[in-house]
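Only one structure is covered here, and it is reproduced in the block below.
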Amino acid sequence: MMGRWALAGCLFWVLSAPSLAAIEATAFPDETIKARYYDLIAMLRCPQCLNTNLAGSDAMIAQNLRATVRRLLIEGKTDAEVKQFMFERYGDFILYEPRWTAKTWLLWLGPFGLVLIGLSVWWSMGASSRKIRHGLSDSDRASLKRLMDR
Amino acid sequence: MAKQSVLIPVIVFAGIVVLLWFGFQLSDPHLLPSQKLNDPVPDFELPNLLQAEQALTAADLTGEVSLLNVWATWCPSCIAEHGELTRIFETTGLRIIGVNYNDDSDAARAWLERWGDPYAFHIVDQAGTLAIDLGVYGAPETFVVDADGIIRYRHVGVVTQKVFEETLAPLIQNLKDAS
Chain A
6 MMGRWALAGC LFWVLSAPSL AAIEATAFPD ETIKARYYDL IAMLRCPQCL NTNLAGSDAM
66 IAQNLRATVR RLLIEGKTDA EVKQFMFERY GDFILYEPRW TAKTWLLWLG PFGLVLIGLS
126 VWWSMGASSR KIRHGLSDSD RASLKRLMDR
Chain B
15 MAKQSVLIPV IVFAGIVVLL WFGFQLSDPH LLPSQKLNDP VPDFELPNLL QAEQALTAAD
75 LTGEVSLLNV WATWCPSCIA EHGELTRIFE TTGLRIIGVN YNDDSDAARA WLERWGDPYA
135 FHIVDQAGTL AIDLGVYGAP ETFVVDADGI IRYRHVGVVT QKVFEETLAP LIQNLKDAS
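As you go down the protein sequences, you meet chains A and B in turn.
Basically the working numbering = 1-based index in the first sequence + 5.
Basically the working numbering = 1-based index in the second sequence + 14.
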């Protein structure tokens, strides 16, 4: 019984560690800047870690970039200017919503294309199975009946 | 018609195979394209690691073709790279400039004491501001900067002898011939 509680305690501790790690004591001059800071670091991707945002990463570069976002906001930059600052240095990668360019249109339209392909395959499969259902000959029906009656 | 419907999944499958075949052959997804290629080295004013009273600026990077190497004592692959940088300096005399990135300066000086110092000088970038302006996201990273202080190439990761001889050396020769 003790062992089970100890195990639960350990699990709780291990599982809560990542969320603790992301909390930093940072001071903000006012609540609006603080809210914008948390929005921005959630929208910007950590360049080191492929699929974590700046908010969720402990990488050194993410810490530096969080500090940079905070500094830029306190300097009075707009959200768009902060994103532009990051884009100029790290490119489309850092924006979780990449902009529309000749290089990124496939990213935006690709999923719709895949859905269209899926729908057309589904439709053509439906069409061919309908054809088979109506296409049974009398001898097919007879042999089917024989099989079913066995 | 029945024949065609058999073909469709085959074609779709073949399409996915081709897409993934080429997708997985693309370069390492960790390697982000540099945004700073053919731009001047961004402005900065930071201390010199070995002469703290001296302030270094982007102008100190001009004059000759150089390697700008981002390193730190917390970066194990920088030790692996150090031997090659030393070899490059000893065999070619190329100017190598260090950016000591997010590091403790005392530890950095001790590191150079221990492993040797083939660099012309080191820029102390304790807060990582120059690194961010360069679009650096880890260490080591190495830039080829031409005599006018323009960034001509960026290599993410360790500069090995292969990387130097196949990629950097021909580029550096071209830049030297052009100027």
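C-beta atoms are modelled at their ideal positions from N, C-alpha and C, and glycine is treated no differently.
Keep in mind it's a predicted model, so treat the numbers as computed, not measured.
- Message: My assumption, with CB atoms under 8 Å, is that I137/B sits in contact with L126/B. Please give the rounded CB distance.
- Response: Locating residue 137/B in the second sequence gives position 123, counting from the first residue. Locating residue 126/B in the second sequence gives position 112, counting from the first residue. That pair is no contact at about 14 Å.
- Message: Counting beta carbon pairs with one atom in the stretch 111-127 of chain B and one in the stretch 81-92 of chain B, are three or more of them shorter than 8 Å?
- Response: yes
- Are the C-beta atoms of P23/B and some chain A residue less than 8 Å apart? As a working mapping, residue 23/B is identified with position 9 in the second sequence. Chain A contact via Cβ: present.
- Identify whether A69/B lies in helix, strand or coil by the three-state DSSP scheme. Within the second sequence, residue 69/B is the residue found at index 55, counting from 1. Three-state DSSP puts A69/B in a strand.
- Task: Check the Cβ of G149/B against every Cβ in chain A and list those closer than 7 Å, keeping chain order.
- Result: Taking the first residue of the second sequence as position 1, residue 149/B is located at position 135. Simply R94, Y95.
- Say whether chain A places a C-beta atom closer than 8 Å to the C-beta of L185/B. Walking along the second sequence from the start, residue 185/B turns up at place 171. Not closer than 8 Å to any Cβ of chain A, the Cβ of L185/B fails to qualify, so no.
- Item | Contact the stretch 173-188 of chain B vs the stretch 98-111 of chain B: 3+ CB pairs below 8 Å | yes
- Message: Counting only beta-carbon separations shorter than 8 Å, does V126/A have a partner in chain B?
- Response: To locate residue 126/A, count along the first sequence from 1; it is residue 121. With 8 Å as the cut-off, V126/A counts as an interface residue toward chain B.
- Message: Would G152/B pass as an interface residue toward chain A - the criterion being a Cβ-Cβ separation below 8 Å?
- Response: As a first step, residue 152/B must be located in the second sequence, where it is residue number 138. Cβ-Cβ to chain A under 8 Å: yes for G152/B.
- Query: Residues of chain A with a CB under 8 Å from the CB of S19/B: which are they?
  - Reply: One-based indexing of the second sequence puts residue 19/B at position 5. The contacting residues are S129, M130, A132, S133.
- Message: Within 10 Å of its beta-carbon, does M243/A have 16 or more other beta-carbons around it, so buried, or fewer, so exposed?
- Response: Here chain A covers residues 6 to 155 and nothing more, so residue 243/A does not appear.
- Query: Cβ of A72/B within 8 Å of Cβ of P56/B?
  - Reply: Residue 72/B sits at position 58 when you count from the first residue of the second sequence. Residue 56/B sits at position 42 when you count from the first residue of the second sequence. Yes, they are a contact pair.
- Under 8 Å from the C-beta of L46/B: neighbouring residues of chain A: The residue labelled residue 46/B in the question sits at position 32 within the second sequence. By Cβ distance, chain A contributes P52, Y95, G96, F98.
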